[in-house]
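Worksheet: one structure, shown below.
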Amino acid sequence: MIDEKFLATQVISIHTWSDTLFSFTVTRPDSFRFTAGQFARIGILVDGELIVRAYSVVSSPYDEYLEFFSIVVPDGAFTSRLQHLQLGDTLYIEKVPYGFLTLARYQQPAPQDLWLLATGTGVAPFISMLQDFKTWEDYQHIILVYSVRTAQELAYQDKIAEIKALFADEPAKLTFIPIVTREVVQGALNQRLPQLIASGELERVAELKFDVTRSHVMLCGNPQMVEDTKESLKAIGLTMNRRGEGNIAVENYW
Ligand code: NAP
2 MIDEKFLATQ VISIHTWSDT LFSFTVTRPD SFRFTAGQFA RIGILVDGEL
52 IVRAYSVVSS PYDEYLEFFS IVVPDGAFTS RLQHLQLGDT LYIEKVPYGF
102 LTLARYQQPA PQDLWLLATG TGVAPFISML QDFKTWEDYQ HIILVYSVRT
152 AQELAYQDKI AEIKALFADE PAKLTFIPIV TREVVQGALN QRLPQLIASG
202 ELERVAELKF DVTRSHVMLC GNPQMVEDTK ESLKAIGLTM NRRGEGNIAV
252 ENYW
């Protein structure tokens with residue numbers, strides 16, 4: 002018996018990025034509405050019991066399907082089953098979306114520069130935001146920074162290039178900065194985010210300064226990265242966003 006808070010969806014596609022990373026799409030129930038940056042609670046039925054986890058939506062609010070990006074947690078009750086999904090399998094999605102990592106939370110400063118800083122699967126909500134026209138209309142500069150351990154873990158490269166081409170005529174300019182920390186990869190930076198911020202290297206590569214009067218900075222991913230990067234941003238004068246005011250908004254993605 003499934004809780005009435007949940008709706009049934011069917012798996013449409015599955016994409017494997019690496020041994021531990023995969024993404025999947027499911028049918029979108031007509032009534033499921035969300036804002037780019039929000040997450041859904043997804044359930045999988047195991048021995049008659051629904052196991053539920055939170056997943057940020059990767060797809061845009063305009064898409065007819067819902068896409069999610071997952072890591073396989075070793076021996077994890079949920080992801081170790083989820084990784085064996087087959088096309089047509091049923092998953093359950095809670096009727097309402099969750100989360101406040103959305104651009105609507107920013108009132109002051111007004112939108113100008115948007116920094117989206119992610120590690121690992123934390124890039125998911127940013128891929129959704131980048132497919133929302135409003136993001137491109139509201140901002141002048143968008144900087145997407147995506148840190149992973151190895152080149153193979155850099156997912157969604159083609160999608161990011163496709164998004165950049167699709168919105169090429171919009172006023173905003175997108176700069177994508179990949180970081181690969183455990184391999185040297187041409188075209189990618191090689192240090193952790195807090196170091197790159199403290200040294201000024203990130204600003205140099207982005208050709209843009211963090212600025213208390215202009216910057217909206219969103220952090221999503223590894224909780225320790227979120228904590229350390231937050232501190233490095235505060236050290237250069239940025240403030241946490243509270244009740245609409247301030248620069249930094251965060252979400253732990255584990
Ligand atoms: P990760 O350890 O989160 O690393 C991803 C990127 O974040 C790497 O570039 C890493 O740099 C960087 N990073 C890590 N700590 C940082 C910090 N304090 N400051 C700045 N950057 C930092 O790798 P992952 O593959 O995404 O996840 C690793 C493990 O986390 C998995 O084995 C999994 O068990 C768990 N996880 C769980 C969930 C969940 O939903 N339960 C989701 C994601 C991950 P370095 O290479 O320098 O470490």
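Under our numbering, the first residue of the sequence shown is numbered 2, with each subsequent residue one higher.
Here a beta-carbon is modelled for each residue, glycine too, at the ideal position from N, C-alpha and C.
Every value quoted in this text rests on a predicted model; they were computed, and no experiment measured them.
To which residues does DSSP link G44 through a beta bridge?
DSSP output for G44 lists V53, Y93 as bridge partner(s).
Count Cβ pairs between the stretch 223-233 and the stretch 115-131 that sit closer than 8 angstroms; are there 3 or more?
Two segments are said to touch when three or more pairs of C-beta atoms, one from each, lie closer than 8 angstroms; by this definition the stretch 223-233 touches the stretch 115-131.
Taking the alpha-carbon positions, what's the L190 to P179 distance?
Cα to Cα, L190 sits roughly 6 angstroms from P179.
What is the rounded straight-line gap between the Cα of L86 and the Cα of T17?
If you take the alpha carbons of L86 and T17, they lie about 11 angstroms apart.
Per-residue DSSP class, three states only, for E65:
Three-state result, E65: coil.
DSSP beta-bridge partners of Q11
Paired residue(s): T91.
Quick check: S71 and S129, are their CB atoms within less than 8 angstroms of each other?
Not a contact, by the Cβ cut-off of 8 angstroms.
Quick check on this structure: which residue in L102, Q113, D159, H217 has the alpha carbon closest to the alpha carbon of E252?
Taking the Cα of E252 as reference, the smallest distance to any Cα among L102, Q113, D159, H217 is reached at L102.
Just to confirm the assignment, what range does the beta strand (DSSP E) spanning L194 have?
That residue, L194, is in no beta strand (DSSP E); its alpha helix (DSSP H) goes 194-200.
Residue ranges of each beta strand (DSSP E) within the stretch 114-200, 3 or longer
Runs of the beta strand (DSSP E) lying entirely within the stretch 114-200, each at least 3 residues long, are 114-120, 142-149, 174-181 in chain order.
Same chain only: Cβ atoms within 8 angstroms of V185, ignoring 5 sequence neighbours per side
Excluding positions up to five away in sequence, the list reads N191.
Less than 8 angstroms separating the beta-carbons of L145 and F177?
Yes; because the gap between Cβ atoms is below 8 angstroms, this pair is in contact.
Taking V227 as part of the alpha helix (DSSP H), name the residues at either end of that continuous run.
Start and end: 224-236.
Using CA coordinates, which residue listed in Y157, T80, T136 is at the minimum distance from V47?
Checked all of Y157, T80, T136; the closest Cα to V47 is T80.
Taking Cβ positions, are L67 and D4 nearer each other than 8 angstroms?
Contact flag unset, no.
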